[in-house]
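First the structure, in the form of C-alpha cells, and then the observations on it.
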Amino acid sequence: MEDDAKAYKVSLRNEHAIGAARSYSVFSGAPSITGKGVQPGDVLRAVCYATEKPLTYHGQESFEISYQYYAFIGELVDNKNGHRQVEIKHPCPVHLGDEMNNGSYVVARCVDGYAIHPPDTIRPKLSPRDTFTVFCADEPARGHSYVVGVAQDIHGGAAVLAAVPYNYGVEFKIQPNFKFYVRLQEGAVGEVMTDYNHAARIAFRGDRRQVSVQENADGGFNLIDSAGSLPTGDGSHPSRPIFPVGPTVGASNAPPPPPPPPNLGAASIEEDDEPDEDENPYDILRQFDTVFVIDDSGSMKGHSWRETRAVLKDITNICTEYDDDGVDIYFLNHRSAQSADMHKGRSSGGYHCVTTESEVFRIFNTVKPQYATPLGRRLHNILHVYLHMLEQHLKRGRESKPLNIIVITDGEPTDNVEDAIVWAATKMDKLDAPGSQVGLQFFQVGDKAKKSIDRMHRNIVKKQIRDIIDTVTWDAKNGKKVLTPEVILQTLIGSFKRRTKDESSDDDN
50 MEDDAKAYKV
60 SLRNEHAIGA
70 ARSYSVFSGA
80 PSITGKGVQP
90 GDVLRAVCYA
100 TEKPLTYHGQ
110 ESFEISYQYY
120 AFIGELVDNK
130 NGHRQVEIKH
140 PCPVHLGDEM
150 NNGSYVVARC
160 VDGYAIHPPD
170 TIRPKLSPRD
180 TFTVFCADEP
190 ARGHSYVVGV
200 AQDIHGGAAV
210 LAAVPYNYGV
220 EFKIQPNFKF
230 YVRLQEGAVG
240 EVMTDYNHAA
250 RIAFRGDRRQ
260 VSVQENADGG
270 FNLIDSAGSL
280 PTGDGSHPSR
290 PIFPVGPTVG
300 ASNAPPPPPP
310 PPNLGAASIE
320 EDDEPDEDEN
330 PYDILRQFDT
340 VFVIDDSGSM
350 KGHSWRETRA
360 VLKDITNICT
370 EYDDDGVDIY
380 FLNHRSAQSA
390 DMHKGRSSGG
400 YHCVTTESEV
410 FRIFNTVKPQ
420 YATPLGRRLH
430 NILHVYLHML
440 EQHLKRGRES
450 KPLNIIVITD
460 GEPTDNVEDA
470 IVWAATKMDK
480 LDAPGSQVGL
490 QFFQVGDKAK
500 KSIDRMHRNI
510 VKKQIRDIID
520 TVTWDAKNGK
530 KVLTPEVILQ
540 TLIGSFKRRT
550 KDESSDDDN
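Residue numbers (the working numbering): 50 to 558.
Pasting the structure below:
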C-alpha cells in the first residue's frame, strides 16, 4: 500500500430511520489462497468486525484496522447460534513479501497442541511478493476440523479474514485482499460468511486514514469522506455461469425418451403407497427439490464414475419434466464458481438448476475423481444454508419446499458425517419442521461404503432424533445390483411418501 499509516479508523453510522436500530458487520474481500488441492469453495471468509449493539438513529460506532497481519491455526466449530465459526487457537505475526520476495514463511502444527511459528532453520524459506506462506507439518486424525488462514489486527485483536482446511504436507501461499465489505446484518466475529453477494452493501479499501460508512434513509449506503464509494449490491455482482464452459453437445444429439415410471408397488415400498392406475408416480417430484451429492474421490474412477454420469443424465431429463428447477449437483472435492443463494437455500460450490443431459455431460467432464471422501463437510454446507432459509421462512409464516438429497458414494467418509446429520436433524426438531422437510438417500457402492453408512445410521437412531436416512447398496463392478434411474426414483419417491405418511400419523395422534 502507498499509505504509510500503521492503522486507520472505520466508522459505521445509522441514518436510516428514526426508531429503527440497525446492526452491521464487516468482512474481507476474498484473499488468494493457493496450495495443492485447494478449490475456490474451500476458502472460508469470516466476519472480522460486528457492531457491539444495534445502532439507533444517528448512532455511530468506530473501530481501528491495523496493517498487521497474522497467520493462524484454529478450528471450525458451531457457535451458540448454530452457525459455523472459525476460532483462532494460535496467531503468529507475519509480513508480506516485497520486491525482494521475502514474505514470512511459518510452520503450523496441531497434534501436540496448537503451534505456528517460523521454521527452526538457519536459512528459512521465504514467501513471494505480497504473500506469506503457511506449511502444515502435522498429520491430524481423520475427521478433524483444523484450519489455517489469515487474520488482521482489527479492534485491538487478531480477527479472522479467511481460512482453509488444514492439509498435511501442503504449503498455502496467502495474499490478503485489502478490500472490506459492510453488510446490514448481525454477526459474530469469526462467523463464516455464506452470503457474500446478497448481504454486502458497500465496499471500501483499506488505504485511508479514516473511512466513514453511512446507511441513508432510503436504505442505500455511501462513504462520506474522500475515500470514494463502491456499491456492492445485487446489481454490482454479475451473475456467474451455472457451470464452467466445457465441450458442447450438438443439438442433433436429442436426449433419449425417459424410462417408464417405476413400479412403486415394489416390496421395499409401503403397500398403501401403490399408485392408482391413472396416477403418474412422477407427479410427486413437483413437491420437493432434488439435490445430488456425488463422491468424486479417487476410488470412483472408471465404471462407477461413468455409470453415475449416465444415471444422472436420465434422471435430470425426468425431473425437469415435473420441476422447472431441474436438479442441483454437488461433488465432495470439486467446487464450482457458483455462489450461495441464501434466499433459495442453495449452497455454494455446486451446479444449481441443471435441466439438460448436455449440462450433466459438461459438468462431469470438468471433474476428475481424486483426493479423499469429505462427505460430512459437503453435507453440512448444503444443510446449513437450506436450514437457514427454512428458519427464516418459518419466522415469517412461509412454507419451504422440502429437500431430498441423494448421495452416491463408494467409500468410507474421511470426516464426520454423523455430526453433520445429527446437527441437521436436531435443528429441524427445534424448529418443529415437518417430518418430510429433509430426506437423505445413500446409494452405496460395495461393502465398505455400506458398513460405514449403516454403522452411522444405527448410531443416529440411538440418539432418538428424527430419522431422515434411507440406504441402498449397489455394485457397478460386480454386477450385484445395477444403479438405474428407476431404482433411485423409486427410493426417492417411496421415502418421501413414507415421511409424509409418518407426519400425518403424528398429527392424528
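Cβ coordinates follow ideal geometry from the N, Cα and C atoms, glycine included.
Residue i to residue j span [Cα, whole Å]
i, j, result
"V260", "E235", "20 Å"
"A190", "Y420", "16 Å"
"Y119", "Q201", "6 Å"
"E467", "P168", "37 Å"
"K58", "V199", "20 Å"
"S77", "S111", "17 Å"
"Y230", "S115", "16 Å"
"E590", "Y73", "This structure leaves residue 590 out entirely; the chain is present only between 50 and 558."
"A164", "A482", "43 Å"
"S288", "G146", "Unreliable positioning characterises S288 in this predicted model, as indicated by a pLDDT of 30, which lies under 50. A coordinate reading is not provided."
"I251", "S348", "45 Å"
"C402", "D503", "31 Å"
"S501", "E406", "32 Å"
"M438", "V376", "18 Å"
Burial state of residue i (16 or more Cβ within 10 Å)
i, result
"H392", "exposed"
"A266", "exposed"
"P103", "exposed"
"T339", "buried"
"V510", "exposed"
"N508", "exposed"
"E372", "According to the sequence displayed, residue 372 carries Asp and not Glu. So D372 counts as buried."
"T105", "exposed"
"H144", "exposed"
"N366", "buried"
Contact set for residue i: own chain, Cβ-Cβ below 8 Å, skip 5 residues either direction
i, result
"E448", "H442"
"I134", "Going by the sequence as given, residue 134 is Gln instead of Ile. These residues qualify, in order along the chain: A95, L125, V126, D127, N128, A237, G239, E240 and V241."
"K450", "Q336, F337 and D338"
Own chain, CB closer than 6 Å to residue i, minus 5 neighbours either side, in chain order
i, result
"L436", "K476"
"T533", "none"
"T182", "Y154, S176, E220 and K222"
"V521", "F492 and T540"
"D464", "G192, P423, G425 and R426"
"L361", "V409"
Residues that DSSP places opposite residue i in a beta bridge
i, result
"S261", "S60"
"Q486", "In DSSP, Q486 forms no bridge with anything."
"I343", "F380 and I457"
"I273", "Beta-bridge pairing links I273 to no other residue."
"A208", "Q201"
Range of the contiguous beta strand (DSSP E) that encloses residue i
i, result
"C185", "F181 to C185"
"R426", "No beta strand (DSSP E) holds R426; the alpha helix (DSSP H) holding it covers L424 to K444."
"I457", "L452 to T458"
"I137", "R133 to V143"
"S111", "Q109 to D127"
"S72", "Unbroken run through S72: none, as it is neither H nor E."
"T83", "S81 to T83"
Residue i - containing alpha helix (DSSP H), residue span
i, result
"L361", "H352 to Y371"
"A66", "Here A66 belongs to no alpha helix (DSSP H), and DSSP marks it neither H nor E."
"R411", "E406 to N414"
"A421", "Looking at the DSSP string, A421 is not in any alpha helix (DSSP H), and its letter there is neither H nor E."
Distance cut-off 7 Å: residue i Cβ against heavy atoms of the ligand HEM
i, result
"Y116", "Looking at this structure, you won't find the ligand HEM or any other ligand, since it has none at all."
Neighbourhood of residue i by C-beta distance below 7 Å, restricted to the same chain and skipping five residues each side
i, result
"Q224", "P80, S81, D179 and T180"
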